[in-house]
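In the working numbering, the protein residues as written are 1 to 194.
Have a look at the structure below, then the notes.
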Amino acid sequence: MGSQNRAWKRRTYLIDREFQLKYIFMLASIGAGSIALFGALAWWAHTAALEAGSGSEGFAGMTILWLTVLAVIGTAVALGLFGLVFTHRVAGPVHVMNLYVEALAAGHYPRLRPLRKYDELKKFFDRFSHAVDRIRAREAEEAQVLGQALAAFQPLAQSDEARAALKTLEELHLRKREAVNKPVSGSHPVAPSR
Numbered sequence: 001m002g003s004q005n006r007a008w009k010r011r012t013y014l015i016d017r018e019f020q021l022k023y024i025f026m027l028a029s030i031g032a033g034s035i036a037l038f039g040a041l042a043w044w045a046h047t048a049a050l051e052a053g054s055g056s057e058g059f060a061g062m063t064i065l066w067l068t069v070l071a072v073i074g075t076a077v078a079l080g081l082f083g084l085v086f087t088h089r090v091a092g093p094v095h096v097m098n099l100y101v102e103a104l105a106a107g108h109y110p111r112l113r114p115l116r117k118y119d120e121l122k123k124f125f126d127r128f129s130h131a132v133d134r135i136r137a138r139e140a141e142e143a144q145v146l147g148q149a150l151a152a153f154q155p156l157a158q159s160d161e162a163r164a165a166l167k168t169l170e171e172l173h174l175r176k177r178e179a180v181n182k183p184v185s186g187s188h189p190v191a192p193s194r
């Protein structure tokens with residue numbers, strides 16, 4: 001019980017090394033580039049004030065202040081636009097997979113489409129697609145075996161209980177066949193089946 005109360009700590013921070021390092025490098029580059037540009041402009045204002053003489057220190061101070069304001073706004077805009085592009089590349093695949101999961105939960109197999117060229121999470125999506133394909137293949141095999149069993153048992157069903165049990169199995173067989181043979185579009189949510 002004592003081990004359950006201890007805080008769980010993640011020790012591996014780079015889980016998807018390629019994906020994470022790519023965006024860490026991009027963010028670091030945008031930040032470093034913005035600060036370097038600001039530093040260069042501030043140095044220019046400082047040296048210009050020194051060359052102009054002692055009367056222009058107030059001008060240099062105001063120039064540096066305005067450069068600071070522009071650097072803050074420019075960095076915020078650049079990182080905001082980068083965040084928009086990045087989140088779109090991640091949120092798009094997550095949204096699509098959520099629609100696929102809704103279809104699966106409703107008892108339908110989604111018609112999977114590949115991700116866009118610049119989308120992220122491609123490895124995860126490939127694994128997800130592979131899992132859906134394997135589950136669908138297993139369900140198709142089960143539907144086939146169930147159909148063969150129904151064909152063998154139908155002539156033997158003499159009692160009302162046996163016919164009722166066969167009817168339940170036929171409904172299950174039909175549901176499995178329809179789920180496997182009629183994939184739904186993954187672009188729209190599927191209404192849950194009753």
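Glycine included, each C-beta is placed from N, C-alpha and C at the ideal position.
Just so we're clear, the structure is a prediction, and the values are computed from it rather than from any experiment.
For residue i, the first and last residue of its enclosing alpha helix (DSSP H)
i: His46; result: 17 to 52
i: Lys176; result: 160 to 181
i: Lys117; result: Neither: Lys117 is in no alpha helix (DSSP H) and is coded neither H nor E.
Contact belief for residue i with residue j at Cβ below 8 Å, rounded distance in angstroms
i: Gly147; j: His108; result: 20 Å between Cβ atoms; not a contact.
i: Val180; j: Arg136; result: 6 Å
i: Leu14; j: Gln20; result: 5 Å
i: Lys176; j: Ala143; result: 4 Å
i: Leu67; j: Leu41; result: 5 Å
i: Ala71; j: Ser34; result: 6 Å
Residue i vs residue j beta-carbon contact at 8 Å
i: Pro110; j: Pro155; result: no
i: Gly39; j: Thr75; result: no
i: Pro93; j: Asp119; result: yes
i: Tyr23; j: Phe86; result: yes
i: Thr63; j: Ala78; result: no
i: Leu112; j: Lys122; result: no
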